[in-house]
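Novice: Questions regarding the structure given below will be posed in turn.
Residue numbers (our numbering): 52 to 469.
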């Protein structure tokens with residue numbers, strides 16, 4: 052549905068149905084926003100176990116109610132309400148008994164909108180203007196088929212680089228002033244936060260596809276081929292959208308080891324600047340790589356769950372078909388037992404219709420002599436069983452994917468500085 056914000060009816064629909072607006076309209080919206088920001092954004096966490104999040108909320112409520120009991124309900128009751136309202140997502144991962152909670156795309160949008168209200172007096176206009184110019188250059192250069200124009204742009208860039216190299220050789224190194232450093236860092240921080248929020252929506256799109264797959268299993272009686280064709284077509288359609296293509300490009304870029312090393316190096320380099328020394332602890336940038344990997348990994352896990360759902364669909368449908376065949380056979384056996392003492396008088400009392408089996412003489416091939424295997428058994432000698440070792444059977448390798456994934460994340464976390 053395309054929203055026209057110049058129409059009153061469309062605006063009324065958004066204000067009445069969008070969950071982000073619904074969050075802001077809640078009576079205890081300050082509690083929701085403050086706690087979710089503290090637990091997820093300020094702590095740079097993507098998800099929590101049920102017990103840990105309940106404990107955090109209990110402590111948060113204790114502090115909020117210290118002077119006056121404004122929020123009297125149980126922490127678990129609040130979490131259940133926020134989940135039902137669509138502000139938190141509760142799910143069970145890897146067959147675990149404890150539920151996991153994470154922010155929904157609606158909650159992400161509400162938190163971003165609230166924080167955008169606090170821009171203060173300093174607005175990095177120059178950085179945004181430079182970013183617009185840079186994007187315009189890339190778009191103009193990458194979309195044109197004019198060879199002369201592209202060559203002219205590249206030559207201009209090379210000339211600018213040559214001038215900068217010459218200035219450095221002449222000890223004329225120019226450095227950004229503190230204002231511009233903070234301005235550009237603010238734009239980086241804002242873009243990184245929005246980037247992490249965008250992947251919530253991508254993950255939500257895949258979950259909706261998974262939900263439609265389950266609905267197909269329950270409501271339709273079509274053949275497996277028809278249902279699977281629709282499911283795979285829907286999956287391909289998402290991956291062929293602009294959002295799907297962007298995610299694939301993002302994941303390929305992020306999984307490049309050279310890019311990961313470059314990102315780590317750049318992050319370490321900028322926080323060595325004295326102007327940014329006080330930003331590291333509350334910034335999302337130091338954990339940007341790990342956060343992006345975790346976000347992309349969640350999207351891939353959602354896709355894996357979709358494939359698992361398809362496998363279960365095939366197994367369940369085959370089980371139902373086999374069970375129905377068994378029921379029909381049992382019914383035939385019961386009828387046979389009933390007429391056992393008084394069988395039908397006529398010889399043929401049932402006809403089974405089917406395709407006639409036609410075997411034509413000309414379908415048979417000519418005689419071919421079979422191949423005879425000849426073994427040389429004249430020079431056989433008794434073997435020595437002691438010369439055979441079974442050590443290789445005990446040296447087989449087994450790699451636990453979950454353990455491997457955990458160790459890789461640990462190494463990356465250490466290399467990125469936590």
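Think of the CB as a built atom: it goes at the ideal place given N, C-alpha and C, for glycine as much as any other residue.
In this text, all values refer to a predicted model and were calculated from it rather than measured experimentally.
1. Return helix, strand or coil for residue 141, following the three-state DSSP convention.
2. Using the beta-carbon count (16 or more within 10 Å), is residue 342 buried or exposed?
3. Using three-state DSSP, classify residue 99 as helix, strand or coil.
4. Should residue 218 and residue 339 be called a contact, given that it needs their Cβ atoms to be closer than 8 Å?
5. Of all the options 193, 419, 112 and 156, which has the alpha carbon lying nearest to the alpha carbon of residue 89?
6. Going by DSSP in three states, residue 152 sits in which element: helix, strand or coil?
7. What does the Cβ neighbour count give for residue 99, buried or exposed, with the cut at 16 atoms within 10 Å?
8. Check whether chain D comes within 8 Å of residue 192, counting only Cβ atoms and requiring the distance to be less than that.
9. Could you tell me which of 381, 84 and 144 sits nearest to residue 352, measuring between CA atoms?
10. Sorted by chain position, which residues of the same chain lie with C-beta nearer than 7 Å to residue 73's C-beta, five sequence neighbours on each side aside?
11. Can you say whether residue 205 is buried or exposed, counting buried as having 16 or more other CB atoms within 10 angstroms of its CB?
12. I'd like to know if the region 78-92 and the region 61-68 are in contact, where contact means that at least 3 CB-CB pairs between them fall below 8 Å.
13. Who are the near neighbours of residue 77 in its chain, counting only those whose CB is closer than 8 Å to its CB and skipping five residues on each side?
14. What does a CB cutoff of less than 6 Å around residue 154 pick up in its chain, not counting 5 residues either side in sequence?
15. Hey, is the region 184-194 in contact with the region 128-135, meaning 3+ C-beta pairs nearer than 8 Å?
16. Applying the criterion that 16 or more other CB atoms from any shown protein chain within 10 Å of the CB defines a buried residue, is residue 318 buried or exposed?
17. Taking the alpha-carbon of residue 181 as reference, which of 220, 425 and 231 has the nearest alpha-carbon?
18. So what's residue 425 in DSSP terms, helix, strand or just coil?
19. Which residue marks the beginning of the alpha helix (DSSP H) containing residue 64, and which one marks its end?
20. Is it buried or exposed, residue 456, if we count other Cβ atoms within 10 angstroms and call 16 or more buried?
Specialist: According to the structure shown:
1. Here residue 141 corresponds to residue number 90 of the chain shown, with the count starting at 1. Three-state DSSP puts residue 141 in a strand.
2. Counting from one through the chain shown, the residue named residue 342 turns up at place 291. With 16 or more Cβ atoms within 10 Å of its Cβ, residue 342 is classed as buried.
3. Counting from one through the chain shown, the residue named residue 99 turns up at place 48. DSSP places residue 99 in strand when its eight states are reduced to three.
4. Position 167 of the chain shown, counted from the start, is the residue given in the question as residue 218. Position 288 of the chain shown, counted from the start, is the residue given in the question as residue 339. No, Cβ-Cβ distance for residue 218 and residue 339 is not below 8 Å.
5. In the chain shown, the residue the question calls residue 89 occupies position 38. The shortest Cα separation from residue 89 among 193, 419, 112 and 156 belongs to 112.
6. By one-based count along the chain shown, residue 152 stands at place 101. Residue state, collapsed to three classes: strand.
7. In the chain shown, counting from the first residue as 1, residue 99 sits at position 48. By the 10 Å Cβ count, residue 99 comes out buried.
8. The displayed structure is made up of one protein chain only, and chain D is not part of it.
9. Counting from 1 along the chain shown, the entry for residue 352 is found at position 301. Considering only alpha carbons, the answer is 144.
10. Along the chain shown, one-based indexing puts residue 73 at 22. If we look at residue 73 and ignore the five residues flanking it on each side, its Cβ neighbours are 136.
11. Walking along the chain shown from the start, residue 205 turns up at place 154. Result: exposed.
12. no
13. As a first step, residue 77 must be located in the chain shown, where it is residue number 26. Answer for residue 77: 83 and 136, listed in chain order.
14. On the chain shown, position 103 is the one that residue 154 refers to. The answer, listed in chain order, is 91.
15. no
16. Counted from its first residue, the chain shown places residue 318 at position 267. Counting Cβ neighbours within 10 Å, residue 318 comes out buried, since at least 16 surround it.
17. Numbered from its first residue, the chain shown carries residue 181 at position 130. Checking every option, the nearest Cα to that of residue 181 belongs to 231.
18. Here the question's residue 425 lines up with position 374 in the chain shown. If DSSP states are grouped into helix, strand and coil, residue 425 belongs with coil.
19. For the purposes of this step, residue 64 is identified with residue 13 of the chain shown, where counting begins at 1. From DSSP, the alpha helix (DSSP H) with residue 64 extends over 59-68.
20. To locate residue 456, count along the chain shown from 1; it is residue 405. Looking at its Cβ environment, which holds fewer than 16 other Cβ atoms inside 10 Å, residue 456 is exposed.
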